[in-house]
Amino acid sequence: MSTETTTAGGPGGGPGTSVPPKGLRAGILDLGDSVMLGLASTAPVYSLAATLGLIVAVNGNYTPLILLLGFIPVLFIAFAFRELNSAIPDCGTTFTWSRRAFGPWAGWLGGWGVALAGIVVLANLAQVAGQYLWLLVGDGSLAENKVIVTASGVLFIAVMTLVNYRGIRLGEHVQRVLTYVQYIALGIFALAIVIRIVSGAPEGQPFDFDWFNPAGAFADPGAVVHGALLALFIYWGWDTCLAVNEETENPSTTPGRGAVISAFILVAIYVSVALLVMMYATVGTEGIGLGNEANQDDVFLAMKDVVLGPWGWLIVVAVLASVLSSTQTTILPTARGTLSMGVHGALPAKFGEVHPKNQTPGFSTQVMGAAAIAYYVAMSFLSENLLSDSISAISLFIAFYYALTGFACFWYFRDTLRQSARNLWLRGILPLVGALLLTAAFFISAVQMWDPAYGDTQIFGVGGAFISGVVLLALGVVLAVVCRFLPATRGYFTGKTPAGQTSAHSPN
Numbered sequence: 028m029s030t031e032t033t034t035a036g037g038p039g040g041g042p043g044t045s046v047p048p049k050g051l052r053a054g055i056l057d058l059g060d061s062v063m064l065g066l067a068s069t070a071p072v073y074s075l076a077a078t079l080g081l082i083v084a085v086n087g088n089y090t091p092l093i094l095l096l097g098f099i100p101v102l103f104i105a106f107a108f109r110e111l112n113s114a115i116p117d118c119g120t121t122f123t124w125s126r127r128a129f130g131p132w133a134g135w136l137g138g139w140g141v142a143l144a145g146i147v148v149l150a151n152l153a154q155v156a157g158q159y160l161w162l163l164v165g166d167g168s169l170a171e172n173k174v175i176v177t178a179s180g181v182l183f184i185a186v187m188t189l190v191n192y193r194g195i196r197l198g199e200h201v202q203r204v205l206t207y208v209q210y211i212a213l214g215i216f217a218l219a220i221v222i223r224i225v226s227g228a229p230e231g232q233p234f235d236f237d238w239f240n241p242a243g244a245f246a247d248p249g250a251v252v253h254g255a256l257l258a259l260f261i262y263w264g265w266d267t268c269l270a271v272n273e274e275t276e277n278p279s280t281t282p283g284r285g286a287v288i289s290a291f292i293l294v295a296i297y298v299s300v301a302l303l304v305m306m307y308a309t310v311g312t313e314g315i316g317l318g319n320e321a322n323q324d325d326v327f328l329a330m331k332d333v334v335l336g337p338w339g340w341l342i343v344v345a346v347l348a349s350v351l352s353s354t355q356t357t358i359l360p361t362a363r364g365t366l367s368m369g370v371h372g373a374l375p376a377k378f379g380e381v382h383p384k385n386q387t388p389g390f391s392t393q394v395m396g397a398a399a400i401a402y403y404v405a406m407s408f409l410s411e412n413l414l415s416d417s418i419s420a421i422s423l424f425i426a427f428y429y430a431l432t433g434f435a436c437f438w439y440f441r442d443t444l445r446q447s448a449r450n451l452w453l454r455g456i457l458p459l460v461g462a463l464l465l466t467a468a469f470f471i472s473a474v475q476m477w478d479p480a481y482g483d484t485q486i487f488g489v490g491g492a493f494i495s496g497v498v499l500l501a502l503g504v505v506l507a508v509v510c511r512f513l514p515a516t517r518g519y520f521t522g523k524t525p526a527g528q529t530s531a532h533s534p535n
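Counting along the sequence shown from 1, when you hit position 368 you're at 395 in our numbering, and nothing is skipped either side.
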């Protein structure tokens with residue numbers, strides 16, 4: 028492994044910071060690969076299929092506006108990721124940046140937030156992948172068999188863990204195939220809807236600019252907030268391209284550009300497809316209407332036979348490819364996050380090891396895959412309802428580490444904000460506003476989840492989603508305290524950083 032460090036300078040005269048080499052395969056990904064990873068990580072087809080009906084149930088025809096509003100804090104945080112990456116292109120992302128801005132405890136908890144969101148969502152992706160696989164077989168009845176679905180989900184996590192373990196280039200090839208499959212299928216689905224609309228489908232509704240009218244939408248501010256929180260989840264994942272920054276060409280610039288580009292492409296896809304689906308299916312509560320509660324788990328699944336006829340299985344394949352793609356790209360950032368924590372001494376040194384041949388975070392990748400499998404199996408057989416509620420709590424984890432990143436950007440660059448209008452807006456105002464919005468989203472979500480009627484379970488008279496979220500976040504505090512006193516990781520908290528590392532600091 029090389030002993031040199033990479034020094035990146037932030038744009039506009041920003042600070043440069045040494046980044047320790049980790050043995051990853053440098054420069055293997057280009058801007059196109061970075062954008063593709065950002066798009067694939069969000070599981071766009073599945074995310075839209077599973078969330079669109081829920082947003083419509085709350086916001087009706089104002090859903091396209093809600094998708095745009097939910098994008099605003101995400102875009103602001105994307106700028107924060109880009110700016111921090113320009114100065115510190117470390118694969119630890121939120122962990123590393125929060126540590127530099129606020130110290131070791133904030134860094135450790137930021138890393139925990141990233142890992143936690145990844146592990147919990149992997150359980151959800153595995154469940155969906157297992158179900159959709161067996162929907163393609165026979166009459167689809169095997170999709171209701173818990174043992175078969177769980178075993179299939181475990182297999183999918185194991186296979187994608189192996190793909191990531193074997194090398195970033197293999198993972199990129201697999202990712203490219205899965206991305207092509209899901210987007211081609213989604214394109215066929217959208218084209219079929221366009222053809223039906225143009226041919227005068229009688230059950231549809233015409234486009235109306237009032238769907239983007241803030242005055243109408245904000246007549247019910249609570250509904251707007253609820254819908255925007257739901258929209259936040261479907262945008263999550265583009266930051267994967269930052270987690271592979273050390274394996275990307277020009278690591279201080281290309282991943283940040285990839286993140287912003289993929290974020291804009293996502294909002295264009297989501298709003299466009301939502302408009303088409305609304306115009307064809309309407310927001311009604313009958314039949315294939317998006318307001319029909321029977322369709323809210325997957326609006327595409329409800330529409331597939333009506334839109335595609337005998338080719339309806341294509342949309343099932345699209346969702347399956349989407350969740351498999353996201354499974355692989357979710358393991359990427361979690362493994363690289365714990366790799367960086369190991370290198371910086373926040374976790375035992377074993378986590379910082381890179382496979383000498385594959386040039387991947389060998390141990391960290393295996394641990395993340397094993398943790399996801401253990402969590403998925405335990406929750407599946409303990410309580411599927413509790414599994415569902417813990418998945419609902421993901422919005423808390425996302426809001427937590429995205430907001431922390433926004434605050435870290437503002438604080439880390441605070442001494443450079445007066446150097447230019449660009450610095451003031453892209454390093455200061457926008458990241459700070461994004462962080463404040465997400466902090467508000469965190470507490471609003473927590474209040475909603477406290478309600479015992481929220482979700483499928485309740486514990487001691489409190490919503491199971493709230494308990495799951497709080498317990499899992501609190502577990503991070505417990506683990507951090509344990510690491511504070513472990514001989515192998517004590518130095519990270521006391522300032523005795525590993526050889527070649529600098530202590531947390533702010534730019535001058």
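Just so it is clear, CB atoms sit at the ideal spot from N, CA and C, and this is done for glycine as well. Being a predicted model, the structure only gives us computed values, none of them experimental.
Check, Outcome
"Span of the alpha helix (DSSP H) around residue 209", "195-225"
"Entirely enclosed beta strand (DSSP E) segments - the segment 318-348, minimum 3 residues", "none"
"Through-space distance from residue 445 to residue 422, alpha-carbon basis", "34 Å"
"Closest by C-alpha distance to residue 85, when choosing among 216, 252, 130 and 95", "252"
"Closest residue to residue 475 among 512, 195, 249 and 509 (Cα-Cα distance)", "249"
"Inter-residue spacing [alpha-carbon to alpha-carbon] between residue 93 and residue 376", "45 Å"
"Among 222, 180 and 113, the one whose alpha carbon lies nearest that of residue 286", "113"
"Three-way DSSP call (helix, strand, coil) for residue 164 in this model", "coil"
"At least 3 beta-carbon pairs within less than 8 Å: the segment 189-209 vs the segment 325-338", "no"
"Burial state of residue 413 (16 or more Cβ within 10 Å)", "buried"
"CB-CB length for residue 77 against residue 483, believed under 8 Å", "With a Cβ gap of about 15 Å, residue 77 and residue 483 do not count as contacting."
"Local conformation of residue 279 per DSSP, three classes", "coil"
"Pairwise C-alpha distance: residue 192 and residue 384", "10 Å"
"Test item: CB-CB of residue 386 and residue 194 under 8 Å", "yes"
"Span of the alpha helix (DSSP H), counted from its first residue to its last, around residue 97", "90-114"
"Pairwise C-alpha distance: residue 313 and residue 353", "32 Å"
"Cα-Cα separation, residue 156 to residue 449", "43 Å"
"Sequence-distant residues of its chain with Cβ nearer than 6 Å to residue 119 (five each side left out)", "364 and 367"
"Residue 104 and residue 453 closer than 8 Å at C-beta", "no"
"Outcome for residue 214 when other beta-carbon atoms lying within 10 angstroms are tallied against a minimum of 16", "exposed"
"Inter-residue Cα distance where the pair is residue 225 and residue 212", "20 Å"
"Closest by C-alpha distance to residue 504, when choosing among 267, 137 and 307", "137"
"Exposed unless 16 or more other CB atoms sit within 10 angstroms - verdict on residue 275", "buried"
"From 73, 147 and 122, residue whose alpha carbon lies closest to that of residue 395", "147"
"Which residues DSSP lists as bridging residue 289, in chain order", "Paired residue(s): none; residue 289 is not in a bridge."
"Residue 133 and residue 439 closer than 8 Å at C-beta", "no"
"Limits of the unbroken alpha helix (DSSP H) element including residue 390", "389-409"
"Option nearest residue 183 by Cα separation, candidates 428, 321 and 351", "351"
"Chain-order list of residues whose beta-carbon lies under 8 Å from that of residue 62 (same chain, five-residue window excluded)", "268, 285, 288, 289 and 292"
"C-alpha gap between residue 420 and residue 223, whole angstroms", "38 Å"
"Spatially closest choice to residue 145 from 519, 522, 499 and 513, by CA coordinates", "499"
"For residue 447, three-class secondary structure by DSSP", "coil"
"Option in 273, 135 and 162 with minimal Cα separation from residue 509", "135"
"Per-residue burial, residue 487 [other beta carbons within 10 Å of its own, 16 or more giving buried]", "exposed"
"CB contact below 8 Å: residue 122 versus chain B", "The structure shown has no chain B; it contains just one protein chain."
"Closest Cα partner of residue 492 within the set 415, 247 and 201", "415"
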